[in-house]
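Chains as they are written, first to last, in numbering that gives the first Met the number 0: chain V, 0 to 125; chain X, 0 to 125; chain U, 0 to 194; chain H, 0 to 194. Backbone N, C-alpha and C define an ideal beta-carbon position, used for all residues, glycine too.
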Amino acid sequence: MVGLVLISHSARLAEEAVALAVGIAGDDAPIHPAGGTDDGGLGTSIAKLETAVAAVDQGDGVVILMDLGSAVLTARTFIEDRTDVVLADAPFIEGAISALVTAGTGADLAAVVAAAEEARTIGKLC
Amino acid sequence: MVGLVLISHSARLAEEAVALAVGIAGDDAPIHPAGGTDDGGLGTSIAKLETAVAAVDQGDGVVILMDLGSAVLTARTFIEDRTDVVLADAPFIEGAISALVTAGTGADLAAVVAAAEEARTIGKLC
Amino acid sequence: MDTEFFLRWIAAVTDRVRAERDHLTDLDRAIGDADHGSNLDRGFTAVEEALAATPPATPADVLVTTGTTLIRKVGGASGPLYGTMFRTLGRSIGDAPDVTADALADAFSDALAAIAKLGSAAEGDKTMIDALAPAVPAMRTSFDAAAQAALDGAEATTNLRARKGRASYLGERSVGHQDPGATSMALMIDALRAV
Amino acid sequence: MDTEFFLRWIAAVTDRVRAERDHLTDLDRAIGDADHGSNLDRGFTAVEEALAATPPATPADVLVTTGTTLIRKVGGASGPLYGTMFRTLGRSIGDAPDVTADALADAFSDALAAIAKLGSAAEGDKTMIDALAPAVPAMRTSFDAAAQAALDGAEATTNLRARKGRASYLGERSVGHQDPGATSMALMIDALRAV
Ligand SMILES: Nc1ncnc2c1ncn2[C@@H]1O[C@H](COP(=O)(O)OP(=O)(O)O)[C@@H](O)[C@H]1O
Ligand SMILES: Nc1ncnc2c1ncn2[C@@H]1O[C@H](COP(=O)(O)OP(=O)(O)O)[C@@H](O)[C@H]1O
Ligand SMILES: [Mg+2]
Ligand SMILES: [Mg+2]
Ligand SMILES: [Mg+2]
Ligand SMILES: [Mg+2]
């Protein structure tokens with residue numbers, strides 16, 4: 000199964016986003032948070048990202064969702080030398096839920112990224 | 000100033016989203032979480048929403064951002080008899096940051112809703 | 000139908016919800032988050048208390064109090080939806096002390112529209128609407144016909160793919176399970192029969 | 000320029016970052032989150048330790064170790080950005096034991112491209128790029144010219160509106176403040192002069 004990692008400036012935001020996504024989409028596919036700096040502050044950590052990616056990597060690829068700013072830069076730097084890990088340009092919470100649902104069906108890497116990115120276009124009031 | 004309320008199924012997700020938005024956009028405009036059910040479970044509460052709206056209402060209107068599902072239904076039911084409170088059809092985290100930044104400039108209700116909804120179209124990788 | 004009739008209906012619904020609580024939760028476990036039975040039980044227990052605390056004067060009072068209490072107490076998607084249904088029934092009926100069968104059928108038609116609008120949902124989306132929508136025209140005939148239509152509609156959700164609510168996240172995997180909200184809706188309409 | 004030259008440069012940058020730490024953080028307080036000075040101080044302290052622990056064999060070693068350490072230790076947006084700058088400088092230089100002025104100028108040109116790509120940013124966005132971009136052509140002339148261009152570029156960010164990074168959320172309110180990253184970039188290029 001494709002794995003998911005949520006990288007955020009805030010450790011707790013990443014954890015809560017994972018919990019909500021699992022609550023809705025179930026735990027068929029692996030998902031892991033990577034939030035905050037190494038010393039628990041606000042920011043991002045490539046070491047935490049590495050650990051999270053390793054935790055969800057089952058050999059079918061990993062999709063990373065970023066909240067903003069340095070999370071994007073850290074994730075981009077991380078994937079420089081990885082072809083099996085891709086970034087989704089998606090809303091953090093909504094993209095995570097869609098991606099996790101799709102990953103849980105056994106979909107491939109491209110389909111999971113597409114699901115995350117389509118979340119951008121789905122209205123909540125219609 | 001226009002106030003903001005974030006309603007989520009998860010009390011902690013709403014709280015962490017508020018913290019991140021304030022960390023980035025500052026606390027010029029008021030923002031309040033309304034997450035979880037009255038007894039702290041996963042779900043939404045119109046009583047929590049009322050309290051949160053009252054906490055951020057300075058007379059210039061309030062914008063509500065919802066994560067999904069029953070948060071949308073609860074918010075819609077709440078605004079039935081309120082013309083000064085509007086819902087933003089926006090990504091939860093990204094919309095909250097944009098809306099809070101815009102509210103902090105003293106923008107009016109329509110501009111804050113528009114800022115939240117535009118967050119949907121802003122790419123992270125470009 | 001007078002105030003007593005509607006109080007008896009709500010009491011019957013409350014009993015049925017309690018009796019079906021675990022079944023409704025099991026249905027919600029398959030395609031949701033396993034709380035539909037406990038959500039409704041919590042809601043109707045609060046309704047029971049509210050109606051006992053301030054005895055309602057009119058049929059509309061019964062229905063509006065029921066709706067408002069469900070909105071405040073349920074905590075899940077079904078709270079605002081059923082809340083809106085009962086409040087719309089009450090508002091549509093107005094302050095008549097006695098409600099004709101036609102007026103109630105009209106009120107159910109209004110309630111269907113209100114639920115569909117709130118949930119941005121239509122028939123076929125595998126929701127409570129799939130039990131309510133066929134019951135609305137059947138109510139012009141009899142409560143029996145309405146109940147049968149609602150039960151059939153609820154059963155037919157099994158083969159549908161969910162397009163609204165949490166179950167919609169499951170996509171194709173939602174097929175093969177009866178919708179919990181359609182099931183509870185059918186139960187409520189069925190309860191009219193025995194009042 | 001040999002390995003020693005680059006070690007002296009990084010040591011000088013480390014000293015300057017420490018000396019300017021509070022100033023950089025103050026600039027970031029105005030339009031960011033008040034951590035740019037401490038981010039870089041943490042990063043370059045780790046670089047100092049890494050270079051001491053495994054003495055580098057070539058100029059590229061110095062630069063790649065510096066970059067990799069910054070990526071791992073800074074924690075803010077400037078970490079991946081400066082990390083990419085130093086790693087690109089190292090990779091561009093290759094394994095020559097002695098680097099010509101031309102090769103270094105080419106490497107800085109590559110580093111500019113790499114930062115711009117990583118940050119999806121261009122000159123005028125009120126970022127570190129506004130100090131680096133004018134320094135790149137000036138480096139063909141002299142370190143003095145490059146340093147002057149970088150310092151001028153950093154100063155000119157004051158009148159710009161931020162379009163990338165946290166400061167971009169401030170919109171018009173970012174105008175009137177010098178960009179912290181442009182300021183630290185100018186400091187790094189300025190440090191080349193005294194090596
Ligand atoms: N948007 C909607 N429109 C109509 N009915 C809906 C909608 N969303 C959910 N429902 C109904 O609500 C039921 C679920 O209720 P419940 O389990 O109490 O809430 P939750 O899904 O928040 O846990 C579903 O089975 C469905 O019938
Ligand atoms: N996308 C980007 N492209 C180029 N430079 C950027 C970008 N984002 C931020 N910067 C630079 O990084 C600096 C901020 O660094 P720092 O405060 O250490 O990180 P953070 O903003 O994560 O707290 C800004 O002043 C700016 O020069
Ligand atoms: Mg449920
Ligand atoms: Mg629920
Ligand atoms: Mg900063
Ligand atoms: Mg920071």
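Counting only Cβ-Cβ distances below 8 angstroms, residue 78(X) has no contacts in chain H at all, with the closest Cβ about 27 angstroms away. Residue 124(V) reaches chain U at 119, counting residues in chain order whose Cβ is nearer than 8 angstroms.
Taking a contact to require three or more Cβ pairs closer than 8 angstroms, the region 76-83 of chain H and the region 92-102 of chain H do not qualify as touching.
Of 117(H), 87(H), 94(H), the smallest CA-CA separation from residue 105(H) is found for 87(H). Counting only runs that start and end inside the region 27-93 of chain U, the alpha helix (DSSP H) elements of at least 4 residues fall at 35-52, 58-72, 77-92. Between the C-alpha atoms of residue 42(H) and residue 38(U) there is a straight-line separation of about 52 angstroms. With a cutoff of 7 angstroms, residue 35(U) counts as near ligand 3, since its C-beta is closer than that to a heavy atom of the ligand.
Ligand 1 approaches residue 128(U) closely enough that one of its heavy atoms is under 7 angstroms from the residue's Cβ. By the rule that beta-carbons nearer than 8 angstroms mark a contact, residue 28(V) does not touch chain X.
Excluding the 5 residues flanking it on each side, residue 57(H) has same chain C-beta neighbours closer than 7 angstroms at 2, 94, 96, in chain order. Distance from the CA of residue 48(X) to the CA of residue 1(X), rounded to the nearest whole angstrom, comes to 16 angstroms. Annotation: residue 87(X) to residue 25(H) spans about 35 angstroms, alpha carbon to alpha carbon.
Here the distance from the Cβ of residue 23(V) to the nearest heavy atom of ligand 1 is not below 7 angstroms. Your pair residue 33(U) and residue 40(U) does not check out as a contact, with CB atoms roughly 13 angstroms apart and the cut at 8 angstroms. The C-alpha of residue 150(U) lies about 12 angstroms from the C-alpha of residue 178(U).
Straight through space, the alpha carbons of residue 32(V) and residue 66(X) are spaced by roughly 18 angstroms. Annotated as distal: residue 99(V) and residue 18(V), with beta-carbon spacing of 8 angstroms or more. When distances are taken from the beta-carbon of residue 123(V) to the heavy atoms of ligand 1, even the shortest one reaches 7 angstroms or more. With the criterion set as a beta carbon lying under 8 angstroms from some beta carbon of chain V, the members of the region 153-176 of chain H are 164, 165, in sequence order. Put simply, the CB of residue 24(X) is near chain H, with a gap under 8 angstroms to one of its CB atoms.
Taking all protein chains in view, the Cβ of residue 79(V) is surrounded by fewer than 16 other Cβ atoms within 10 Å, so the residue is classified as exposed. In this structure the region 112-124 of chain H lies against the region 150-167 of chain H, because at least three pairs of beta carbons, one per stretch, are closer than 8 angstroms.
Distance check between residue 91(H) and each of 47(H), 62(H), 131(H) places 62(H) closest, using alpha-carbon atoms only. Taking a C-beta cut-off of 9 angstroms against chain X, the contacting residues of the region 20-46 of chain H are 32, listed in chain order. Residues of chain X whose Cβ lies closer than 7 angstroms to the Cβ of residue 70(U) are, in chain order, 45, 76. By the Cβ neighbour-count rule, residue 75(V) is buried, with 16 or more other Cβ atoms within 10 Å of its own. Here residue 96(X) is not near residue 6(X), since their CB atoms are 8 angstroms or more apart. At a cut-off of 8 angstroms between C-beta atoms, residue 69(X) counts as an interface residue with respect to chain U. The Cβ atoms of residue 152(U) and residue 189(U) do not sit closer than 8 angstroms to each other. Excluding residues up to 5 positions away in sequence, 68, 72 lie with their Cβ nearer than 6 angstroms to the Cβ of residue 45(H) in the same chain. Residue 88(V) has its Cβ no nearer than 7 angstroms to any heavy atom of ligand 3. Per DSSP, residue 87(X) is one residue of the beta strand (DSSP E) stretching across 84-87. The DSSP-derived three-state label of residue 187(H) is helix. By the neighbour-count criterion, in which a residue is buried when 16 or more other Cβ atoms sit within 10 angstroms of its Cβ, residue 105(V) is exposed.
For residue 81(V), there are no CB contacts under 7 angstroms within the same chain when 5 residues up- and downstream are skipped. Leaving aside the five residues that flank residue 17(U) on each side, the residues in its chain whose CB is nearer than 7 angstroms to its CB run, in chain order, 40.
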